[in-house]
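One structure below.
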Amino acid sequence: MEFVSIIMGSKSDYSTMKVTAETLEKFGVKYELIISSAHRTPERTKKYVQDAENRGAKVFIAGAGMAAHLAGAIASITTKPVIGVPLDASLNGQDALLSTVQMPGGMPVATVAIGKAGAKNSAYLAIQILSLNNKELAEKLKEDRFLQVQKVEHDSKEIEVLL
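All residue numbers for the sequence shown refer to our numbering, where the first residue is 15 and numbers rise by one.
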């Protein structure tokens with residue numbers, strides 16, 4: 015069974031990372047969600063990633079704050095795509111952003127924005143990856159983009175003033 019794995023470093027990350035889960039649900043994408051820390055439970059993280067990959071995980075999404083080594087640790091275990099979501103645990107998330115994005119060559123982590131916007135975009139990026147081999151999912155993405163355009167145009171018409 016194909017699914018996306020969402021891993022967060024601590025329970026406090028859930029309020030942000032649930033946005034990832036909600037977005038995947040909106041598109042009907044199956045997912046797992048767990049807490050596992052790169053620093054506190056490295057063996058648990060390694061075992062889970064290997065097991066999830068064997069069971070059909072196609073994309074891993076990692077949300078972590080502060081030192082934010084989780085996405086990099088996952089990328090060192092799997093060759094599947096890893097998406098890092100920097101979380102605002104301290105320093106407005108800047109520390110997590112730099113920790114997530116600064117990976118050595120050959121060990122990529124696709125890094126999205128800090129916080130809830132990044133959590134949402136991590137799901138969209140995972141869906142885009144899955145849609146490469148799933149025409150139905152690709153069509154859902156196109157429809158979603160169309161609806162986003164319609165919403166902007168509708169919202170503008172409600173308030174716009176033109177000369």
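By construction, the Cβ of each residue, glycine as well, lies at the ideal position given by its N, Cα and C atoms.
Every value quoted in this text rests on a predicted model; they were computed, and no experiment measured them.
Sequence-distant residues of the same chain with beta carbon closer than 6 Å to residue i, five excluded per side
i, result
"Asp27", "Gly77, Leu101"
Contact belief for residue i with residue j at Cβ below 8 Å, rounded distance in angstroms
i, j, result
"Ile91", "Gln108", "26 Å between Cβ atoms; not a contact."
"Met31", "Ile20", "6 Å"
"Met117", "Gly86", "6 Å"
Bounding residues of the beta strand (DSSP E) (the contiguous stretch that carries residue i)
i, result
"Phe17", "17 to 22"
"Leu47", "45 to 49"
Residue interval of the alpha helix (DSSP H) (run including residue i)
i, result
"Leu151", "149 to 173"
"Ile123", "Per the sequence shown, the amino acid found at residue 123 is Val instead of Ile. Where Val123 is concerned, there is no enclosing alpha helix (DSSP H), given that its DSSP letter is neither H nor E."
"Ser113", "108 to 115"
Three-way DSSP call (helix, strand, coil) for residue i in this model
i, result
"Lys134", "helix"
"Lys72", "strand"
"Thr34", "helix"
"Ile97", "strand"
"Ala78", "strand"
"Ile91", "coil"
"Gly129", "coil"
7 Å CB neighbourhood of residue i in its chain, flanking five on each side removed
i, result
"Phe41", "Ile141, Leu151, Lys154"
"Lys25", "Ile49"
"Glu67", "Thr92, Lys94"
8 Å Cβ shell around residue i - same chain, five flanking residues per side excluded
i, result
"Ala124", "Pro95, Val96, Ile97, Gly98, Leu139"
Notebook entry, point to check: Are the region 49 to 62 and the region 30 to 41 touching, with three or more C-beta to C-beta distances below 8 Å?
Noted result: no
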